[in-house]
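**Student:** Pasting a structure below so you can have a look.
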Amino acid sequence: MKEVVSSAPDKRLLRSKKIVRTSFIGIIANVFLVVFKALVGFFANSIAIILDAVNNLTDAVSSVVTIIGAKIARRPADRKHPYGHGRSEYLSAMVVALIVLYAGVTSAVESVKKTIYPETASYTWVTFLVISVAVVVKVLLGLYFRYVGKKINSDSLVNSGVDALFDSVISFSTIVAAIVFVIWHVSLEAYLGVIISLFIVKSGISMLKDTLSSILGERADANLAKKIKEVVCSFDGVSGAYDLVLNNYGPDVFNGSIHIEVPDTLTANEIDELNRKITYAVYDKCGVLLTAIGVYSFNTSSPASVQMREEMRELVFSFDNVKQMHGFYLNEKEKTIRFDLVIGFDEKNRQGLYERIYRAVCEKYPSYSVTIVADTDFSESL
Numbered sequence: 127m128k129e130v131v132s133s134a135p136d137k138r139l140l141r142s143k144k145i146v147r148t149s150f151i152g153i154i155a156n157v158f159l160v161v162f163k164a165l166v167g168f169f170a171n172s173i174a175i176i177l178d179a180v181n182n183l184t185d186a187v188s189s190v191v192t193i194i195g196a197k198i199a200r201r202p203a204d205r206k207h208p209y210g211h212g213r214s215e216y217l218s219a220m221v222v223a224l225i226v227l228y229a230g231v232t233s234a235v236e237s238v239k240k241t242i243y244p245e246t247a248s249y250t251w252v253t254f255l256v257i258s259v260a261v262v263v264k265v266l267l268g269l270y271f272r273y274v275g276k277k278i279n280s281d282s283l284v285n286s287g288v289d290a291l292f293d294s295v296i297s298f299s300t301i302v303a304a305i306v307f308v309i310w311h312v313s314l315e316a317y318l319g320v321i322i323s324l325f326i327v328k329s330g331i332s333m334l335k336d337t338l339s340s341i342l343g344e345r346a347d348a349n350l351a352k353k354i355k356e357v358v359c360s361f362d363g364v365s366g367a368y369d370l371v372l373n374n375y376g377p378d379v380f381n382g383s384i385h386i387e388v389p390d391t392l393t394a395n396e397i398d399e400l401n402r403k404i405t406y407a408v409y410d411k412c413g414v415l416l417t418a419i420g421v422y423s424f425n426t427s428s429p430a431s432v433q434m435r436e437e438m439r440e441l442v443f444s445f446d447n448v449k450q451m452h453g454f455y456l457n458e459k460e461k462t463i464r465f466d467l468v469i470g471f472d473e474k475n476r477q478g479l480y481e482r483i484y485r486a487v488c489e490k491y492p493s494y495s496v497t498i499v500a501d502t503d504f505s506e507s508l
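Our numbering puts the first residue of the sequence shown at 127, with every later residue one more than the last.
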C-alpha cells in the first residue's frame, strides 16, 4: 500500500511542473509579441495591431494566473483543507476565462470607437513581417498549450490554448485588413475588430461555463466509472458493483464510494479483507481512493429468491426511465423484500415514478414488507 500511495504525489508533482513549464513558455512568447506588436502598432497607427498586443498581454497574465493556480494546487492537505488544494486549478481556469472575456469586451469597445472616429493607418513591410511571425508563434503556442492541457487534464492550459488560437486568427485578420487597405485604400480594421471581439467574448463565456460546471460538480467520466467497476467485479465473490460516487478535489484527484454485491455467507472478516483488496486495486489501477465500500448481500440458500428477483426485474423495468435495479434480497422468514432502484434523469417526476413502482410491488406481493431505496445515477449505470 505504501508503494501505491507514494506514487500519486509524484504524478501530481510531475503534472504541476508541466503546467508551470508550459505556462512559462507562454509568458516568454507573449511578452515578446507584446513588445513588438505594440511598437509596430504605434508607428503604423493601427488600432487592430495595438489591440492585438494588448490581447497578448492578457495571455501573459493568464499564464501567470495558471502558474499561481498550479502552485497552490500542489500544497499538501492540512487541517483546514483535508482534501488538499487541487480545486484551486478550477479557480485559476475561471480567472483565465474572465480575462479572455474582459479582453473581448474591451476590444469590442475600442473597435466600435474607431468605427465612429476612424484613423488612417500606415503599413510597411516590417508590419507584415512582424504580424506574420506573430501568427506562426500563436498557432504553435495554441496547439502546444491545448495538447499539453488535454494530456494532463488542465482546464487552464486548454483555455489558454484556445485563446492563443483565437489570437492567431486575429493577427491573420489584421494582415488581411492591411492588404485590403494597401491595395484598395479601404480601412476594415475597426469593423474587423468588432467581429473578432465578439468571437473572443463568445469563447470567454464558453470557457467560463465549462469551468463553473466543473466547480459545481459533474457526473463522473463514463470510461473511468466503467474501469473502476470492472476492477471491483474482477474479485472472486463480487457479483456486482453499484452506486459509484466520485468526489472531485481537483483534476484527476478523486475520492469515492461504491457498493458491492456479495454472497450472504461471507463473514465480517472475509468482507473486511475483500474491501481492503478492492481499495488497493482501484487506487493502483484507477488512481481513485475509495473511502467507503458498502455491501449488498444476495441469497444463497433460497431458491425462491432467484425466481422472485426475475419477476421483480420484469415488473420494475416495465416502467420507463428505470436505469437499474440492484441489491435485491428476500428474507422469507421475516417476509421482507428489499432492493435499490436507479431512475434516470430523463424522468421529469422521479418521485412520482418511484411511488408508482412502490405501489405496484406492494400490490404484487401483499404479504411482504417492501423496502425500496431510490438511488441517484451519479455515474453511468452498467
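Glycine included, each C-beta is placed from N, C-alpha and C at the ideal position.
These numbers come from a predicted model, not from an experiment.
Answer yes or no: do S188 and I225 have a C-beta to C-beta separation smaller than 8 Å?
**Tutor:** yes
**Student:** Put M127 into one of helix, strand or coil per three-state DSSP.
**Tutor:** Low confidence applies here, because M127 scores a pLDDT of 38, under 50, leaving its location unreliable and the question unanswered by this model.
**Student:** Exposed or buried, which one is P110 when buried takes at least 16 other CB atoms within 10 Å?
**Tutor:** The question about residue 110 has no answer, for the chain in this structure spans 127 to 508.
**Student:** CA-CA distance, S237 and R141?
**Tutor:** 40 Å
**Student:** For F465, which residues does DSSP report across the bridge?
**Tutor:** I498
**Student:** Can you tell me whether DSSP reads K474 as helix, strand or coil?
**Tutor:** Reduced to three states, the DSSP call for K474 is coil.
**Student:** Run through the DSSP bridge pairs and tell me what L267 is partnered with.
**Tutor:** None; L267 has no bridge partner.
**Student:** Going straight from the alpha carbon of D369 to that of K353, what length do you get?
**Tutor:** The straight-line gap from Cα to Cα measures roughly 14 Å.
**Student:** Could you check if A430 is buried or exposed, using at least 16 other CB atoms within 10 Å of its CB as the buried criterion?
**Tutor:** By the 10 Å Cβ count, A430 comes out exposed.
**Student:** Where does the unbroken beta strand (DSSP E) through I386 begin, and where does it stop?
**Tutor:** Run containing I386: F380 to P389, per the beta strand (DSSP E) assignment.
**Student:** Using CA atoms only, rank isn't needed, just tell me which of G376, N401, N285 and F150 is closest to V358.
**Tutor:** A check of alpha carbon separations from V358 across G376, N401, N285 and F150 identifies N401 as the nearest.
**Student:** So if DSSP puts Y368 in a beta bridge, which residue, or which two residues, is it bridged to?
**Tutor:** Paired residues: H385.
**Student:** DSSP beta-bridge partners for F424?
**Tutor:** P389
**Student:** Quick check on the burial criterion: 16 or more other C-beta atoms within 10 angstroms. Buried or exposed for R213?
**Tutor:** Classification for R213: buried.
**Student:** Name the residue from V263, H452 and S493 whose alpha carbon lies nearest to the alpha carbon of V499.
**Tutor:** H452
**Student:** What three-state label does DSSP hand I278 in the structure shown?
**Tutor:** DSSP places I278 in coil when its eight states are reduced to three.
**Student:** Sort E440, M220 and Y216 by Cα distance to V483 and report the nearest one.
**Tutor:** According to the sequence as given, residue 483 is Ile; it is not Val. Per the Cα distances, E440.
**Student:** To the nearest angstrom, how far is the alpha carbon of T241 from that of G210?
**Tutor:** Near 50 Å, if we compare the C-alpha coordinates of G210 and T241.
**Student:** Taking the alpha carbon of H385 as the reference point, which residue from A316, D466 and V448 has its own alpha carbon closest?
**Tutor:** Considering only alpha carbons, the answer is D466.
**Student:** Would the beta-carbon of V327 fall within 8 Å of that of L291?
**Tutor:** no
**Student:** Quick one: Cα of E344 to Cα of G195, how far?
**Tutor:** 21 Å
**Student:** Taking the Cβ atom as the reference point for each residue, do A223 and G366 lie within a distance shorter than 8 Å?
**Tutor:** no
**Student:** Rounded to whole angstroms, what's the CA-CA distance from A260 to V161? Just pull it up for me.
**Tutor:** Rounded to the nearest whole angstrom, the C-alpha separation of A260 and V161 is 11 Å.
**Student:** Kindly indicate which residue of G413, D410, A407 and K355 has the alpha-carbon position closest to the one of E387.
**Tutor:** The residue among G413, D410, A407 and K355 with its C-alpha nearest the C-alpha of E387 is K355.
**Student:** Starting from A418, follow its DSSP beta bridges and name the residues at the other end.
**Tutor:** S383
**Student:** Between the region 467-481 and the region 442-456, do three or more beta carbon pairs fall short of 8 Å?
**Tutor:** Yes, the region 467-481 touches the region 442-456.
**Student:** For the alpha helix (DSSP H) containing G413, list its first residue and its last residue.
**Tutor:** Where G413 is concerned, there is no enclosing alpha helix (DSSP H), given that its DSSP letter is neither H nor E.
**Student:** Run through DSSP, which three-state label would N373 get?
**Tutor:** Correct three-state label for N373: strand.
**Student:** Put Y455 into one of helix, strand or coil per three-state DSSP.
**Tutor:** strand
**Student:** Given this structure, state the Cα-to-Cα distance separating M127 from D347, to the nearest angstrom.
**Tutor:** Note on M127: pLDDT 38, under 50, position unreliable in the model; no value is reported.
**Student:** In the DSSP output, what is K450 paired with across the bridge?
**Tutor:** The residue you asked about is not Lys; residue 450 is Gln in the sequence shown. Note: Q450 sits in a beta bridge opposite V468.
**Student:** Would you mind giving the Cβ-Cβ distance between I404 and L415, rounded to the nearest angstrom? I have them listed as a contact below 8 Å.
**Tutor:** The C-beta distance from I404 to L415 rounds to 12 Å, too long to fall under 8 Å, and the pair is not in contact.
**Student:** Restricting to Cα atoms, I'd like to know which of I153, V221, A186 and K206 is closest to D336.
**Tutor:** V221
**Student:** Rounded to the nearest angstrom, what separates V421 and Y494 at their Cα positions?
**Tutor:** Going by the C-alpha atoms only, they are around 23 Å apart.
**Student:** With a threshold of 6 Å on Cβ separation, who are the neighbours of R201 within its own chain once the five nearest residues in sequence on each side are excluded?
**Tutor:** H211
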